[in-house]
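From first to last, the protein sequence lines stand for chains A and B.
In short: position in the first sequence from 1, add 84, done, that's the numbering used here.
In short: position in the second sequence from 1, add 388, done, that's the numbering used here.
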Amino acid sequence: MYIDPREYEYHSEYERMIKAYPPEQRYLLAIMQDIQKEFHYLPRLALKIISQHIGVPFSKVYAIASFYKAFSLVPKGRVVFRVCDGTACHIKNSETLIDQLHKQLGIGPGETSADGEYSLETVNCLGACALAPVMVVNGKVYGKVGPSSIEKIIKEYGGCCHGQAGK
Amino acid sequence: MDKQVNNEIMKQKIMVCCGTGCTANGGRDVYKAFLEQLSSISNIEVLPMVKQTGCNGWCEKGPLVKIMPEDITYCGVKVADVGEIIDKTLLQKQVIKRLLYRDPATKKHITSHHQTNFYRKQHKIALRNIGEIDPGNIQDYIDRGGYQALQKAFSSLTPQQLIDEIISSGLRGRGGGGFPTGRKWQACKDAQGSPKYIICNGDEGDPGAFMDRSIMEGDPHTVIEGMILCAYAVGASHGFVYVRDEYDLAVAYLKKAIQDARIHGYLGKGILGSNLNFDIEIVRGGGAFVCGEETALMASIEGRPGEPYDKYVFPTEKGLWGQPTIINNVESWANIPVIILKGAQEFKKIGTAGSSGTKVFSLVGKVVNTGLVEVPMGTSLREIIYEIGGGVLRNRSFKAVQTGGPSGGCIPASLLDLKVDFDTLTQAGSMMGSGGMIVMDDHTCMVEVARYYLNFLAGESCGKCTPCREGIRALLEILTRICDGEGQMKDLDLLEEISSTMQEASLCALGRTAANPVLSTIRYFRDEYLAHIKEQRCPAGVCRKLTTFYIEPEKCNGCGLCTRNCPANAIVGEKKQFHVIDNESCIRCGECYRQCRFDAVQVM
Chain A
85 MYIDPREYEY HSEYERMIKA YPPEQRYLLA IMQDIQKEFH YLPRLALKII
135 SQHIGVPFSK VYAIASFYKA FSLVPKGRVV FRVCDGTACH IKNSETLIDQ
185 LHKQLGIGPG ETSADGEYSL ETVNCLGACA LAPVMVVNGK VYGKVGPSSI
235 EKIIKEYGGC CHGQAGK
Chain B
389 MDKQVNNEIM KQKIMVCCGT GCTANGGRDV YKAFLEQLSS ISNIEVLPMV
439 KQTGCNGWCE KGPLVKIMPE DITYCGVKVA DVGEIIDKTL LQKQVIKRLL
489 YRDPATKKHI TSHHQTNFYR KQHKIALRNI GEIDPGNIQD YIDRGGYQAL
539 QKAFSSLTPQ QLIDEIISSG LRGRGGGGFP TGRKWQACKD AQGSPKYIIC
589 NGDEGDPGAF MDRSIMEGDP HTVIEGMILC AYAVGASHGF VYVRDEYDLA
639 VAYLKKAIQD ARIHGYLGKG ILGSNLNFDI EIVRGGGAFV CGEETALMAS
689 IEGRPGEPYD KYVFPTEKGL WGQPTIINNV ESWANIPVII LKGAQEFKKI
739 GTAGSSGTKV FSLVGKVVNT GLVEVPMGTS LREIIYEIGG GVLRNRSFKA
789 VQTGGPSGGC IPASLLDLKV DFDTLTQAGS MMGSGGMIVM DDHTCMVEVA
839 RYYLNFLAGE SCGKCTPCRE GIRALLEILT RICDGEGQMK DLDLLEEISS
889 TMQEASLCAL GRTAANPVLS TIRYFRDEYL AHIKEQRCPA GVCRKLTTFY
939 IEPEKCNGCG LCTRNCPANA IVGEKKQFHV IDNESCIRCG ECYRQCRFDA
989 VQVM
C-alpha cells in the first residue's frame with residue numbers, strides 16, 4: 085500500500101491522537117473525526133495505525149472512512165468553500181452559486197484545485213435557512229449570497245487567477 | 389436559597405440570541421460587545437446579567453436581543469447599536485424605536501416579541517426554555533422547573549406508572565415515524581436482557597430542518613432529563629446521544645450539560661439517592677443521512693458503516709450490541725419531562741385525538757418569517773404559513789409546502805386548510821417527518837424539486853439493498869431527462885412503477901419513502917410535468933434548458949436592479965430606459981426574474 089512519505093512527519097501525532105482511545109471498534113468514528121478535524125483529511129498512515137490499534141483489518145477501516153461524508157481521503161485546500169444546498173437554499177438559487185464558484189475557481193463540487201489552494205464542497209443543510217442561500221468559507225458564514233457577489237468573496241481569500249476569474 | 393434565586397431573577401437581564409441564525413448574523417459579537425462595554429461602565433447601579441441563549445426561532449430578524457424584566461425585543465442588532473442600547477434602554481429606560489419589530493400589516497412598532505403574531509400563535513412545550521435560558525447554565529434550567537419531573541418520578545411514581553403516564557399521554561415519536569413512545573418503552577421494559585440502552589437520535593439530516601439542533605443547543609438539559617426518566621422506567625444503565633458532527637455548538641453544550649448533571653447528582657451512580665445508575669455518552673455522527681434510521685444509527689454507534697438492517701426483531705428487544713434499546717428523537721425527549729411534571733391529562737388536552745401535544749416545525753423557504761415554530765397538532769397549514777409565517781415572500785402566490793424532508797411530499801394550495809398531524813399529512817401523500825416545512829412560490833419548479841430530492845437521496849442511499857440504490861438512480865435519471873426537456877409521456881408511468889417497487893421492497897424507511905417527492909408532485913402538479921414533457925417548457929423558469937427570459941418593455945422602468953445582480957453581465961440598457969437580456973450570454977440563472985420588483989422579467 086502506497087503511503088505518501090510526507091505523512092510520516094506526523095507519525096507520532098497520529099499515534100498520540102489514536103491511542104487516546106481504548107482499542108474498541110466503537111471508537112473508530114470518534115478517532116477518525118479527531119484526525120479529520122486536525123488534518124482536514126484522513127491520511128493513509130493514520131488509517132493504518134488505527135487498524136493496528138483497534139485490531140480490525142485495514143479494509144474495514146477504509147470502509148468506514150469512505151462511507152461517511154464527514155471524512156475526506158484527500159487533503160483539502162487552504163480555502164474551503166462550502167455552499168449549502170439544503171432545500172431552502174436550493175429554491176433560493178444555490179445552484180447558481182455553485183456554478184459561479186465552479187466557473188471562477190475552475191473546480192467542481194468535491195474537488196480541490198491542483199495547487200492545493202481551493203476546495204469546493206456542497207453541504208446538505210447548515211441549518212441557517214433564514215439566511216438562504218448560505219455559504220461558509222473557512223468557517224465564516226455568508227448569508228443571502230447573490231451570484232454576483234461570488235467574485236468579491238473569492239477575492240477576499242486572495243483568489244482571482246483560477247479558471248476564468250483571471251481572464 | 390430561594391430568596392437569592394428570586395433576586396437573581398429580578399435583576400435586569402440582557403439576553404442575546406446566539407442560535408445558529410443569529411450567530412451567522414453576528415450575534416456572538418453583539419454578546420461580546422455587551423460584556424465589554426458593560427464592564428467599563430461605572431454609573432450603573434446593578435450590572436445587568438448578559439446571557440447568550442439558544443435559538444429564539446425568529447431567525448429572520450436576528451440577531452435578537454431581549455431585555456428583561458422590561459420585556460423589550462430588539463431585532464437585527466449590530467455591534468454598533470450596543471452602546472446606544474446600554475445608554476438609552478438600560479440607563480435611561482427608553483425604548484429605541486428603530487430596533488423594534490415593525491408589523492408589516494399595521495406598520496406599528498412592537499415592543500415585545502411575545503406580542504408578535506409569530507410568537508403569539510405558538511404553544512411552546514419542547515421549546516419552552518429556548519431563548520429564555522443560558523444553555524450552558526444548569527441553574528437556569530432548574531429555575532424554570534428543570535429536574536422537577538425527575539424528583540416527582542422518584543418520589544411518587546413506580547417505573548410502570550411512569551410508562552403508563554407516557555402511554556396515556558398519547559405521545560408519538562417526533563422523529564418522523566410517529567410510533568407511540570409509551571408502547572416502545574413498555575416493550576423495552578418487558579424485554580429480557582441486561583444492560584439496556586437508551587439513545588437520543590440527534591442525527592438531524594433533513595435539509596431545511598433544524599429543530600433538533602435548536603433544542604440541543606438551546607436546552608440540552610431537557611433532553612438529558614427525558615433520558616434519565618426513561619432509564620428509570622425501563623431500567624437502563626447507559627445512554628447515548630448521537631449528534632450530527634456538523635453541530636459543533638450542540639456537542640459543546642451537551643458535553644457541558646452532561647458534566648453539570650453529574651456534578652448535581654442527576655447522572656452517575658445512585659441518582660438523587662435512589663438505586664438508579666445511569667450515565668450518558670455523546671457520539672458524533674459521520675454525516676450520513678441514512679444514520680437517522682435507527683438500525684443504521686446503532687450500527688454507527690458500534691463503529692461500523694451506517695447500514696440499516698431488517699427489523700424482524702425490534703430494537704426494543706435486540707438493539708445496540710444485541711441488547712434491548714430505546715431510541716427516541718430529540719424533540720420527543722424534550723416533551724417527556726413536561727408530560728411527567730404536568731401529567732398526561734394536561735398534555736392530551738393539546739393537539740388532536742390521534743396526535744396529542746405540539747410539533748415544532750422549521751418554517752423556511754419563500755416565507756416572510758423564517759424560523760422555528762411550535763404549534764399544537766391540528767393547526768392548519770394556512771395558520772402556520774400565513775398567520776405565524778406572515779405569508780409568502782414579496783406577496784407572491786403560494787404554490788406548495790414541502791413537509792417531511794426527502795421522505796415527504798409537496799402539499800398544494802388546495803390543501804392549505806389541512807389540519808396538520810401525523811395522519812392527515814400521510815393521507816395527503818406527505819409525512820410529518822422531523823418537521824421541516826419548506827414554502828414554495830410560483831418561482832419554484834415542482835419537477836425540479838422532485839429531482840433535487842432524488843439527487844439528494846442518490847448521494848445518501850447506503851447502497852445495501854437494490855430497490856433503493858437502483859430505484860433512486862433510475863428515478864433521478866428520468867427526472868433529469870424531464871427537466872432537460874427530453875422526457876416522454878411514458879416516463880410518468882415508469883416513475884410510478886419504479887416508485888411502487890421501491891415502496892414495497894426497500895429494506896428501510898429511506899428507500900420505502902424515497903419516491904414520495906416524485907409521487908406527491910405527480911399527484912398535485914401533473915400539469916407541470918406535462919408542460920415539461922409536451923411543451924418543453926418550465927412554467928416556473930427554473931429548468932435552464934427549457935427557459936428563456938425576456939423583459940417586457942412596458943413594465944421595465946430601467947431601475948437597473950437586474951443589471952447589478954446579473955452574474956453574466958447579460959443585461960444591457962440605459963438608466964431609466966427599458967433593459968434587454970442578451971440571450972447569447974444569459975446563463976438562465978433566473979436571478980433577474982427573482983429580483984425584479986415590477987414583474988418585468990418574464991419566462992418565454
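Idealized CB from N, CA, C, for every residue including glycine.
Identify whether valine 164 (chain A) lies in helix, strand or coil by the three-state DSSP scheme. strand
If you draw a straight line from the alpha carbon of methionine 26 (chain A) to that of glutamate 93 (chain A), how long is it in whole angstroms? Residue 26 (chain A) lies beyond the residue range present for chain A, which begins at 85 and ends at 251; the question has no answer from this structure.
- prompt: Which of the three DSSP states, helix, strand or coil, is assigned to glutamine 965 (chain B)?
  reply: coil
query: Which ranges would you report for the alpha helix (DSSP H) in the stretch 857 to 901 of chain B if only whole runs of at least 4 residues count?
result: 877 to 893 and 897 to 901
**Request:** To the nearest angstrom, report how far apart tyrosine 635 (chain B) and arginine 982 (chain B) are at their CA atoms.
**Result:** 32 Å
| request: Compute the distance between the beta-carbons of glycine 613 (chain B) and aspartate 600 (chain B), then report whether it is under 8 Å. | output: The sequence given here has glutamate at residue 613 (chain B), not glycine. No, Cβ-Cβ distance for glutamate 613 (chain B) and aspartate 600 (chain B) is not below 8 Å.
**Message:** According to DSSP, is proline 568 (chain B) part of a helix, a strand, or is it coil?
**Reply:** strand
- Please name the residue in B:Tyr529, B:Glu916, B:Cys576 and B:His920 whose C-alpha comes closest to that of lysine 787 (chain B). B:Glu916
Q) When Cβ atoms are compared, which residues of the stretch 223 to 241 of chain A fall closer than 8 Å to chain B? A) Val225, Gly227, Gly230, Pro231, Ser232 and Ile234
For this session: Kindly confirm or deny that the stretch 608 to 622 of chain B and the stretch 570 to 577 of chain B touch, where touching means at least three C-beta pairs closer than 8 Å.
Result: yes
- Message: Quick test of your reading: methionine 615 (chain B) and isoleucine 668 (chain B), contact by CB under 8 Å. State the CB separation rounded to the nearest angstrom.
- Response: 6 Å
request  = Look at leucine 131 (chain A) and tyrosine 146 (chain A) and say whether their C-beta atoms are less than 8 Å apart.
outcome  = yes
Touching or not, the stretch 580 to 596 of chain B and the stretch 712 to 731 of chain B, by the rule of three or more beta carbon pairs under 8 Å?
yes
| said: Out of B:Ile670, B:Phe628 and B:Leu708, which one is the CA nearest neighbour of leucine 683 (chain B)? | reply: Per the sequence presented here, residue 683 (chain B) reads as threonine, with leucine not at that position. Answer by Cα proximity: B:Leu708.
CB contact flag (cysteine 871 (chain B), methionine 834 (chain B), <8 Å):
no
Evaluate the contact criterion for the stretch 758 to 771 of chain B versus the stretch 736 to 749 of chain B: three or more CB pairs, one atom per stretch, below 8 Å. yes
| message | According to DSSP, is aspartate 970 (chain B) part of a helix, a strand, or is it coil? | response | coil
*Establish whether the CB of valine 639 (chain B) and some CB of chain A are separated by less than 8 Å.*
no
Item to complete: Pull up the distance between the alpha-carbon of arginine 914 (chain B) and that of valine 930 (chain B), whole angstroms please.
Response: 17 Å
Are the C-beta of aspartate 633 (chain B) and some C-beta of chain A separated by less than 8 Å? yes
Start-end ranges of the alpha helix (DSSP H) lying completely within the stretch 715 to 753 of chain B, minimum 4 residues:
718 to 730 and 732 to 736
* To do: Could you check the C-alpha separation between methionine 604 (chain B) and isoleucine 866 (chain B) for me, to the nearest Å?
  => 39 Å
Subject >> Near-chain B residues of the stretch 168 to 179 of chain A - C-beta to any C-beta below 7 Å >> reply: Gly170, Thr171, Ala172, His174, Ile175 and Asn177
By DSSP's criteria, arginine 560 (chain B) is part of a beta bridge. Which residues make up the other side? B:Pro568
*the stretch 611 to 627 of chain B: which residues have C-beta closer than 9 Å to a C-beta of chain A, in chain order?*
none
### Message
I'd like to know whether the C-beta atoms of alanine 597 (chain B) and glycine 824 (chain B) end up nearer to each other than 8 Å.
### Response
yes
Please report the residue range of the alpha helix (DSSP H) in which aspartate 417 (chain B) lies. 415 to 427
In chain order, what residues of the same chain lie with their CB nearer than 6 Å to the CB of glycine 859 (chain B), ignoring the 5 residues before and after it?
Ile886 and Met890
Kindly indicate the opening and closing residues of the alpha helix (DSSP H) around valine 639 (chain B). 636 to 651
Counting pairs of Cβ atoms below 8 Å between the stretch 444 to 451 of chain B and the stretch 406 to 415 of chain B, do you hit three or more? yes
_Suppose you measure from the CA of arginine 782 (chain B) to the CA of leucine 804 (chain B); what does that come to, to the nearest Å?_
19 Å
Please determine, among B:Tyr654, B:Gln711 and B:Gly821, the residue with the shortest C-alpha to C-alpha distance to alanine 537 (chain B).
B:Tyr654
Practice task
Keeping to the same chain, check which residues put their C-beta closer than 8 Å to that of proline 568 (chain B); ignore five residues upstream and five downstream.
Solution key: Ile555, Gly558, Leu559, Arg560 and Gly561
**Item:** Through-space distance from glycine 899 (chain B) to methionine 389 (chain B), alpha-carbon basis
**Value:** Confidence at methionine 389 (chain B) is low in this model, with a pLDDT of 36, below 50, so the placement of that residue is unreliable and no value is reported for it.
Q | Minimum C-alpha distance to glutamate 848 (chain B) - residue among B:Val671, B:Ser543, B:Ile975 and B:Cys679 | A | B:Cys679
- Query: What's the gap between the Cα of isoleucine 238 (chain A) and the Cα of cysteine 954 (chain B)?
  - Reply: 17 Å
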